[in-house]
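Student:
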Amino acid sequence: MAWRLLTQEYGIPADRLYISYFSGDVANGLPADEETRQIWLSMGVQPDHVLPFGMKDNFWEMGETGPCGPCTEIHYDHIGNRNAASLVNADSPDVVEIWNLVFMQYNREVNGSLRPLPQCSVDTGMGLERLVTVLQGKRSNYDTDLFTPILSAIHQCSKVPAYQGRTGEADVGQVDMAYRVVADHIRTLSVCIADGVYPGMTGAELVLRRILRRAVRFTTEVLQAPEGALASLVPTVAHILGDAYPELHTESERIMDLINQNEVQFLSSLKQGRRVIDRTLSNMDKDSAVFPASVAWSLYRNLGFPLDLIDLMLEEKGKVVDKKEMAVLEDEYEKLRLQSEEDDGDRVNQLDLHSLAELQSRGVPHTDDSPKYCYSLGPNGQYVTTQQHA
1 MAWRLLTQEY GIPADRLYIS YFSGDVANGL PADEETRQIW LSMGVQPDHV LPFGMKDNFW
61 EMGETGPCGP CTEIHYDHIG NRNAASLVNA DSPDVVEIWN LVFMQYNREV NGSLRPLPQC
121 SVDTGMGLER LVTVLQGKRS NYDTDLFTPI LSAIHQCSKV PAYQGRTGEA DVGQVDMAYR
181 VVADHIRTLS VCIADGVYPG MTGAELVLRR ILRRAVRFTT EVLQAPEGAL ASLVPTVAHI
241 LGDAYPELHT ESERIMDLIN QNEVQFLSSL KQGRRVIDRT LSNMDKDSAV FPASVAWSLY
301 RNLGFPLDLI DLMLEEKGKV VDKKEMAVLE DEYEKLRLQS EEDDGDRVNQ LDLHSLAELQ
361 SRGVPHTDDS PKYCYSLGPN GQYVTTQQHA
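Note that the UniProt record's numbering has the sequence shown beginning at 1, numbered continuously upward.
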């Protein structure tokens with residue numbers, strides 16, 4: 001179905017598509033997925049376009065434990081008229097994965113072993129933005145109509161040249177990277193806030209808080225835009241995504257207010273953080289390129305600086321964080337957090353897949369969780385549930 005949709009319905013040339021499949025793994029006792037390879041060949045895919053890869057690229061796992069299995073992927077060559085097999089799974093921007101089909105047949109156990117699932121399935125996923133890029137004949141997601149209006153709006157409120165799509169050393173001052181970061185982050189912020197997730201201190205809220213702060217830093221310092229510029233992009237996001245997320249239209253003002261409030265708070269922390277970094281650098285040996293992990297950790301934990309933002313700020317100064325010491329600090333913090341949860345009795349018993357299969361074999365009926373879909377977003381941004389009757 002995936003191949004037919006891409007080549008017949010969308011008209012993507014088959015000679016630009018490459019297939020990867022699982023080559024097996026001796027350590028885990030897993031054979032090569034020859035069945036998948038033969039199926040692709042029987043469909044007319046050229047042998048030099050069907051490529052084997054190991055655990056890293058073609059064995060999908062959802063985490064340290066849980067359902068997993070070998071996968072086969074479809075990759076697209078943006079250039080064409082060549083053999084690009086060597087660029088598959090090589091982090092080339094010109095040859096990208098657009099489709100993945102995972103054969104869910106194992107469960108990764110706590111002890112690291114693989115146990116066959118009681119019931120297998122195929123988990124398939126297509127990269128929407130990457131496919132849009134292909135269908136619109138572009139080389140990057142940011143060149144499609146999903147992003148160009150946002151990039152244009154960013155330019156209108158900034159003091160830097162228009163977006164050029166540059167990367168690496170060609171992107172002087174990381175201006176184009178800042179364009180991409182802000183365009184991506186303002187979409188995430190808008191959709192999440194409209195859906196009732198606000199910047200906070202734990203879980204998904206903490207992730208959103210870090211995304212917002214990273215966007216603020218790039219907007220004000222790299223793009224040289226005034227305060228409020230980030231929030232001003234929300235109506236553009238609503239225009240692009242509003243058909244899929246109508247709440248972006250109804251919640252635009254609230255989203256903008258929340259972003260502006262958080263921006264004011266972080267700009268104060270950003271100034272304080274810069275002073276801390278500059279003071280630390282002035283006390284360091286001039287020949288040392290390693291920034292103290294303890295200071296970086298303090299910026300992260302106490303001032304809310306995302307770790308990648310700290311790395312970028314130090315990179316501008318020609319410094320790097322002591323990663324080994326940073327890992328020690330993170331490990332110590334995680335141990336304290338877990339201990340705190342145990343002390344609070346905040347432990348949750350969970351059923352794994354095999355326990356669920358055992359319950360099913362005993363005839364225990366499925367839990368009716370359909371009421372979880374009976375909700376709507378209220379005018380104040382809070383979810384309203386519908387009364388259910390037994």
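Every residue, glycine too, gets a C-beta built ideally from N, C-alpha and C.
Since this is a predicted model, take the numbers as computed values, not measurements.
By the DSSP assignment, the beta strand (DSSP E) with CYS120 in it spans what residues?
Tutor: Your numbering for residue 120 matches position 120 in the sequence shown. Per DSSP, CYS120 belongs to the beta strand (DSSP E) from 114-126.
Student: Pick helix, strand or coil for residue 398, following the three-state DSSP scheme.
Tutor: Residue 398 lies beyond the residue range present for the chain, which begins at 1 and ends at 390; the question has no answer from this structure.
Student: Comparing C-alpha positions only, which one of PRO161, GLU169, PRO149 sits nearest to ASP184?
Tutor: In the sequence shown, residue 184 corresponds to position 184, counting from 1. Ranking the options by Cα distance to ASP184, first place goes to PRO149.
Student: Could you give the distance in angstroms between the alpha-carbon of ALA178 and the alpha-carbon of LEU223?
Tutor: Counting from 1 along the sequence shown, the entry for residue 178 is found at position 178. Counting from 1 along the sequence shown, the entry for residue 223 is found at position 223. The alpha-carbon atoms of ALA178 and LEU223 are separated by roughly 7 angstroms.
Student: List the residues that DSSP assigns as beta-bridge partners of HIS75.
Tutor: Residue 75 sits at position 75 when you count from the first residue of the sequence shown. For HIS75, which the question treats as bridged, DSSP gives the partners TYR18, GLU97.
Student: When you compare the CB positions of VAL320 and VAL276, do they come within less than 8 angstroms of one another, or not?
Tutor: If you number the sequence shown from 1, residue 320 lands on position 320. If you number the sequence shown from 1, residue 276 lands on position 276. Cβ distance not < 8 angstroms, so VAL320 and VAL276 don't count as in contact.
Student: Could you tell me the alpha carbon to alpha carbon distance between TYR10 and LEU131, rounded to whole angstroms?
Tutor: The residue you call residue 10 lines up with position 10 of the sequence shown. The residue you call residue 131 lines up with position 131 of the sequence shown. C-alpha separation (whole angstroms): 10 angstroms.
Student: Please determine, among GLY69, ALA204, THR385, the residue with the shortest C-alpha to C-alpha distance to GLU109.
Tutor: In the sequence shown, the residue the question calls residue 109 occupies position 109. Answer by Cα proximity: GLY69.
Student: Under 8 angstroms Cβ to Cβ from MET43, same chain only, skipping five residues before and after it: list those, please.
Tutor: Indexing the sequence shown from 1 puts residue 43 at position 43. So the list reads TRP3, once near-sequence residues are dropped.
Student: Could you give the residue range of the beta strand (DSSP E) that holds PRO52?
Tutor: Residue 52 sits at position 52 when you count from the first residue of the sequence shown. Element bounds for PRO52: 50-53.
Student: When the Cα of GLY165 is compared with those of ASN141, ARG187, TYR333, HIS249, which residue comes out closest?
Tutor: On the sequence shown, residue 165 is found 165 positions in, with the first residue counted as 1. Closest option to GLY165, Cα to Cα, is ASN141.
Student: Look at the Cβ atom of ASP48, then the Cβ atom of ALA14, and state whether they are nearer than 8 angstroms.
Tutor: Against the sequence shown, residue 48 aligns to sequence position 48. Against the sequence shown, residue 14 aligns to sequence position 14. No. Outside cutoff.
Student: Ignore the nearest five residues each way along the sequence and tell me which others in ALA204's own chain have a CB closer than 6 angstroms to its CB.
Tutor: For the purposes of this step, residue 204 is taken as the residue at position 204 of the sequence shown. VAL197, listed in sequence order.
Student: At a cut of 8 angstroms, does the stretch 225-232 reach the stretch 247-263 through at least three beta carbon pairs?
Tutor: These segments touch.
Student: Whose CA, out of CYS71, CYS374, VAL88, lies closest to the CA of HIS78?
Tutor: As a first step, residue 78 is located in the sequence shown; it is residue number 78 there, counting from the start. Of the candidates CYS71, CYS374, VAL88, the one whose C-alpha sits nearest the C-alpha of HIS78 is VAL88.
Student: In whole angstroms, give me the CA-to-CA distance for THR220 and LYS159.
Tutor: Within the sequence shown, the letter at position 220 stands for residue 220. Within the sequence shown, the letter at position 159 stands for residue 159. C-alpha separation (whole angstroms): 10 angstroms.
Student: Can you tell me the Cα-Cα spacing of ARG82 and GLY112, whole angstroms?
Tutor: Working through the sequence shown from its first residue, we reach residue 82 at position 82. Working through the sequence shown from its first residue, we reach residue 112 at position 112. Taking the straight line joining both Cα atoms gives about 41 angstroms.
Student: Helix, strand or coil for PHE305 per DSSP?
Tutor: By 1-based counting over the sequence shown, the position of residue 305 is 305. Three-state result, PHE305: coil.
Student: The alpha helix (DSSP H) spanning PHE266 covers which residue range?
Tutor: Working through the sequence shown from its first residue, we reach residue 266 at position 266. Element bounds for PHE266: 252-283.
Student: So, helix, strand or coil for VAL384, using DSSP?
Tutor: Indexing the sequence shown from 1 puts residue 384 at position 384. Note: VAL384 maps to strand in three-state DSSP.
Student: Which residue marks the beginning of the beta strand (DSSP E) containing GLU61, and which one marks its end?
Tutor: Counting from 1 along the sequence shown, the entry for residue 61 is found at position 61. Taken as a continuous stretch (DSSP letters only), the beta strand (DSSP E) holding GLU61 covers 59-61.
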